[in-house]
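Heads up, the thing below is written out as structure tokens.
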Amino acid sequence: MTEQQVQARTRRKPRSLAQELVTVLTERIRSGQLKRGDKLPTESQIMAEEGVSRTVVREAISRLQAAGQVETRHGIGTFVLDAPATGGFRIDPATVVTLREVLAVLELRIALEIESAGLAAQRRSDEQLVGMRAALDELNEGAAHATDAVSADFQFHLRIAQASGNHYFADIINHLGTSIIPRTRLNSARLAHDDQAHYMSRLMHEHEAIYEAIARQDSEGAKMAMRMHLSNSRERLRQAHEEAEAQGV
Numbered sequence: 001m002t003e004q005q006v007q008a009r010t011r012r013k014p015r016s017l018a019q020e021l022v023t024v025l026t027e028r029i030r031s032g033q034l035k036r037g038d039k040l041p042t043e044s045q046i047m048a049e050e051g052v053s054r055t056v057v058r059e060a061i062s063r064l065q066a067a068g069q070v071e072t073r074h075g076i077g078t079f080v081l082d083a084p085a086t087g088g089f090r091i092d093p094a095t096v097v098t099l100r101e102v103l104a105v106l107e108l109r110i111a112l113e114i115e116s117a118g119l120a121a122q123r124r125s126d127e128q129l130v131g132m133r134a135a136l137d138e139l140n141e142g143a144a145h146a147t148d149a150v151s152a153d154f155q156f157h158l159r160i161a162q163a164s165g166n167h168y169f170a171d172i173i174n175h176l177g178t179s180i181i182p183r184t185r186l187n188s189a190r191l192a193h194d195d196q197a198h199y200m201s202r203l204m205h206e207h208e209a210i211y212e213a214i215a216r217q218d219s220e221g222a223k224m225a226m227r228m229h230l231s232n233s234r235e236r237l238r239q240a241h242e243e244a245e246a247q248g249v
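Position one of the sequence shown corresponds to residue 1 (full-length UniProt numbering), numbered consecutively onward.
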């Protein structure tokens with residue numbers, strides 16, 4: 001890409017850029033340029049080729065994961081899957097854009113992740129706990145510097161699901177991708193009438209409580225901490241949803 005093209009693209013909204021990148025990568029898969037089992041280019045390669053930010057690349061990959069076109073094997077890379085069967089269950093992250101839809105995803109997560117956290121506390125390995133800590137440290141570091149921490153937030157929840165010992169929990173979280181993180185769709189701090197620093201501080205303490213319960217293998221404590229974390233998010237967004245409806249938004 002020329003410098004002028006890159007500058008023009010960087011002025012576009014990340015969400016629309018992500019959808020454009022999804023279209024580009026999907027066409028490569030459909031045309032056979034990328035075949036089943038092929039490894040996608042690295043984030044850095046895609047950034048250089050398409051002139052987009054890392055956030056845009058990660059959002060696009062998340063959408064492809066949710067569509068069942070690729071899977072990410074952590075520490076290895078992202079690989080092309082078979083074309084998804086039509087008519088099966090799927091949630092398209094591109095449609096999770098309204099408060100009502102984000103609330104619906106949160107309700108689904110509450111049903112899944114409370115039990116997942118309890119099982120993770122019982123079954124997690126020391127190695128899996130190290131992985132959770134690494135994701136949490138990255139999340140906290142991003143929050144401290146006001147940088148994009150959505151990917152780390154997603155990784156923390158995914159690693160808990162993986163530690164549950166039941167691959168279906170991880171499969172569903174992977175399927176949903178980063179659309180499970182409300183602030184990828186909405187300005188959650190603004191909707192909660194909170195400043196960003198205080199909002200992120202509260203999230204950090206909620207995540208730490210989950211991690212600590214899993215670390216000490218306290219199944220009930222992990223379930224309680226996860227319930228509190230997700231219920232708090234739901235309550236903040238529910239209030240915002242009611243206010244928006246009252247205002248006719």
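The beta carbon of each residue, even a glycine, is placed where N, CA and C say it ideally should be.
As the structure is a computational prediction, the values presented were derived from the model and not from experiment.
Taking 8 Å as the threshold (C-beta atoms), are residue j and residue i in contact?
i           : j      : result
Ala18       : Ala60  : yes
Gln163      : Gln128 : Residue identity check: residue 163 is Ala in the sequence provided, not Gln. For Ala163 and Gln128, yes; Cβs fall inside 8 Å.
Ile214      : Ile173 : no
Leu21       : Val70  : no
Phe79       : Asp126 : no
Leu230      : Arg109 : yes
residue 318 : Ser219 : Nothing can be reported for residue 318, as the shown portion of the chain is limited to 1 through 249.
Val102      : Leu237 : yes
Leu112      : His207 : no
Arg54       : Glu43  : yes
Met226      : Ile114 : yes
Ser62       : Gly221 : no
Tyr211      : Leu136 : yes
Leu25       : Gly77  : no
Around the C-beta of residue i, are 16 or more other C-beta atoms found within 10 angstroms, so that it is buried, or is it exposed?
i           : result
His74       : exposed
Gln155      : buried
Gly118      : buried
Gln239      : exposed
residue 325 : Here the chain comprises residues numbered 1 to 249, so residue 325 is not present and cannot be evaluated.
Glu242      : exposed
Tyr199      : buried
Val150      : buried
Val130      : exposed
Ile46       : buried
Ser233      : buried
Ala246      : exposed
Lys35       : exposed
Arg183      : For Arg183, the predicted structure reports a pLDDT of 49, less than 50, and the residue's modelled location is therefore unreliable. The matter cannot be settled from this model.
Ala85       : Low local confidence applies: a pLDDT of 44 at Ala85 is under 50, so the model's placement there is unreliable, with the coordinate-based value given in what follows. When all chains shown are included, Ala85 counts as exposed.
Ala48       : exposed
Ser116      : buried
Glu50       : buried
Which two residues bound the contiguous alpha helix (DSSP H) that contains residue i?
i     : result
Arg63 : 54-66
Could you check where the beta strand (DSSP E) with residue i kicks off and where it finishes?
i     : result
Arg73 : 70-73
Gly51 : From DSSP, Gly51 is part of no beta strand (DSSP E); its letter is neither H nor E.
Thr78 : 77-80
message: What ranges does the alpha helix (DSSP H) occupy inside the stretch 100-172, keeping only unbroken runs of at least 4 residues that lie completely in it?
response: Taking only runs of at least 4 residues, the alpha helix (DSSP H) segments lying wholly in the stretch 100-172 are 126-144, 150-163.
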